[in-house]
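*Asks:* Residue numbers 4 to 311, in this note's numbering, belong to the letters of the sequence shown in order.
Quick reminder that beta carbons are idealized off the backbone N, C-alpha and C, glycines included.
Questions regarding the structure given below will be posed in turn.
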Amino acid sequence: MILLDGPWTDWVSVPGKASVTIGVLDGVHRGHRALLGRLDEELVRTVLTFDPHPLEVLRPGTPPRLITTIAERVGLLEAAGVDCVGVLDLSQIKEQTPEQFITDVLVGKINAGQVVVGGDFRFGKDRAGDVELLRTAGKEHGFAVEPIDLVEELGAPISSSRIRGLIESGHVDEAADLLGSRFSLTNEVVDGDKRGRQIGFPTANLRPPLRKLIPATGVYACFVEVRGETHPAAVNVGVRPTFGGDELLVEAYIFEFSKEIYGEDLTVEFVEYLRPELRFEDVDALVAQMGDDVSRSREILVRTTAQM
Numbered sequence: 004m005i006l007l008d009g010p011w012t013d014w015v016s017v018p019g020k021a022s023v024t025i026g027v028l029d030g031v032h033r034g035h036r037a038l039l040g041r042l043d044e045e046l047v048r049t050v051l052t053f054d055p056h057p058l059e060v061l062r063p064g065t066p067p068r069l070i071t072t073i074a075e076r077v078g079l080l081e082a083a084g085v086d087c088v089g090v091l092d093l094s095q096i097k098e099q100t101p102e103q104f105i106t107d108v109l110v111g112k113i114n115a116g117q118v119v120v121g122g123d124f125r126f127g128k129d130r131a132g133d134v135e136l137l138r139t140a141g142k143e144h145g146f147a148v149e150p151i152d153l154v155e156e157l158g159a160p161i162s163s164s165r166i167r168g169l170i171e172s173g174h175v176d177e178a179a180d181l182l183g184s185r186f187s188l189t190n191e192v193v194d195g196d197k198r199g200r201q202i203g204f205p206t207a208n209l210r211p212p213l214r215k216l217i218p219a220t221g222v223y224a225c226f227v228e229v230r231g232e233t234h235p236a237a238v239n240v241g242v243r244p245t246f247g248g249d250e251l252l253v254e255a256y257i258f259e260f261s262k263e264i265y266g267e268d269l270t271v272e273f274v275e276y277l278r279p280e281l282r283f284e285d286v287d288a289l290v291a292q293m294g295d296d297v298s299r300s301r302e303i304l305v306r307t308t309a310q311m
């Protein structure tokens, strides 16, 4: 796959005509995949996405938490069969008129032969461009424009903001239905205080990745991936109130796993929410609850595996 990043003015023009869609595509959810599915396979299937998120440029100091980092997004797009991804920085193009964006980027760099967008697509300075303007420009520059309707689920459009709300409230299973894949996060395993090991539940600890959306605090049944292998796990997202903690951590108890993995990347895939994080009166009560969490997680993950 071709990756175009850095200043768009430095991009090497894509060889051949491109079929392109444009948007943040945070999560690469089922609505985004509908756009990807309409890209012409006879052309260079191309996505123009944005990093940083446009809201970080338009409203400095209020960056949204992301469902997918740019690296995760690019990986999902490649897995979906996209041939080329161009990563735009909105700060470099926000003063372009719609006509300038079409001439300089869509035609000059991407060599668009087809543009696939949602029916409510807006672009250019002051969001002045729309589908009709694209169609008019397409007749001049030789590209077709295909608008498609938003994909709905349970009477509402599938959107990144809707999915963020589900994840932030712990509804990771419902979010996965809209995403078409499980929400995940990846970071380096860090050294902890070893309390889990002392009570019989050693955990791999991750700090929340920067700019990444974090699920609601609580306990989840999860799959984790490390060293290219996938394992079942019970995962706590929280501050460990029983021990007076105040740092938010993602703690994974990986079943039947005893390898030292400090400093290695661990990916956590959230399958189902079990319960909120609680403060227990003593360690014995915590251990009893963790045993129940592990049993429930095993049942959920065995059932999930059987359904795959």
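Apart from the five residues just before and just after D43, which ones in its own chain have a Cβ nearer than 8 Å to its Cβ?
*Replies:* Hits under 8 Å: S22, G116, Q117.
*Asks:* Can you pull the DSSP bridge partners for P160?
*Replies:* DSSP output for P160 lists E155 as bridge partner(s).
*Asks:* For E143, which option in V120, F126, T106, R130 has the closest C-alpha, if you only look at C-alpha atoms?
*Replies:* If we check each option's Cα against that of E143, T106 comes out closest.
*Asks:* In the DSSP assignment, find the unbroken beta strand (DSSP E) run with L61 in it and report its ends.
*Replies:* Run containing L61: none in the beta strand (DSSP E); it sits in the alpha helix (DSSP H), 57-61.
*Asks:* Is D152 close to chain B, meaning its C-beta is less than 8 Å from at least one C-beta of that chain?
*Replies:* Considering every chain present, this structure includes no chain B. It has just one protein chain.
*Asks:* Alpha carbons only, please: which of R230, Q95, G121 is nearest the one belonging to K128?
*Replies:* When each option's Cα is compared against that of K128, the closest is Q95.
*Asks:* Report yes if the CB atom of S172 is closer than 8 Å to the CB atom of A219, and no otherwise.
*Replies:* Against a cut-off of 8 Å, the Cβ pair of A219 and S172 comes out as a contact.
*Asks:* Might you give, ordered along the chain, the residues of its own chain that have their beta carbon closer than 7 Å to the beta carbon of V148, omitting 5 neighbours on each side?
*Replies:* Once the five neighbours on either side are set aside, the close Cβ partners of V148 are V118, V134, L137, R138, G141.
*Asks:* With DSSP run on the structure shown, which of helix, strand or coil describes L289?
*Replies:* Residue state, collapsed to three classes: helix.
*Asks:* In the DSSP assignment, the alpha helix (DSSP H) including P101 goes from what residue to what residue?
*Replies:* Start and end: 101-104.
*Asks:* Verify whether the separation of the beta carbon atoms of L69 and L216 is less than 8 Å.
*Replies:* Yes, they are a contact pair.
*Asks:* What does a CB cutoff of less than 8 Å around L46 pick up in its chain, not counting 5 residues either side in sequence?
*Replies:* Taken in chain order, the residues that qualify are G19, K20, A21, S22, G116, Q117.
*Asks:* Taking the Cβ atom as the reference point for each residue, do V175 and E275 lie within a distance shorter than 8 Å?
*Replies:* Taking 8 Å as the Cβ cut-off, V175 and E275 qualify as a contacting pair.
*Asks:* Measuring straight from C-alpha to C-alpha, what distance separates T52 and E272?
*Replies:* T52 and E272: Cα-Cα distance of roughly 24 Å.
*Asks:* Within this structure, are the beta carbons of I166 and G30 separated by less than 8 Å?
*Replies:* Their beta carbons are under 8 Å apart, which means I166 touches G30 by this criterion.
*Asks:* According to DSSP, which residues form a beta bridge with S22?
*Replies:* Paired residue(s): R48, Q117.
*Asks:* Less than 8 Å between the beta carbons of V154 and G34, yes or no?
*Replies:* Contact: yes.
*Asks:* Exposed or buried, what is A291 when buried is set at 16 or more other beta-carbons lying within 10 Å of its beta-carbon?
*Replies:* Exposed.
*Asks:* With DSSP collapsed to three states, give me the class of S300.
*Replies:* Helix at S300.
*Asks:* My guess is that L182 and V193 are in contact by the Cβ rule of under 8 Å, so how many angstroms apart are they, rounded?
*Replies:* Their Cβ separation, rounded to whole angstroms, is 27 Å, which puts L182 and V193 out of contact at 8 Å.
*Asks:* Count the other C-beta atoms from every protein chain shown that fall within 10 angstroms of the C-beta of M293, then say buried if there are 16 or more, exposed otherwise.
*Replies:* With 16 or more Cβ atoms within 10 Å of its Cβ, M293 is classed as buried.
*Asks:* Please report how far the alpha carbon of D8 lies from the alpha carbon of V90, in whole angstroms.
*Replies:* Cα to Cα, D8 sits roughly 5 Å from V90.
*Asks:* Opposite A74 in the DSSP bridges: which residues?
*Replies:* In DSSP, A74 forms no bridge with anything.
*Asks:* Going straight from the alpha carbon of L281 to that of I170, what length do you get?
*Replies:* Cα to Cα, L281 sits roughly 19 Å from I170.
*Asks:* Identify which residue in S261, P235, E259, L39 has its Cα closest to the Cα of E302.
*Replies:* Of the listed residues, the one whose Cα sits closest to E302 is P235.
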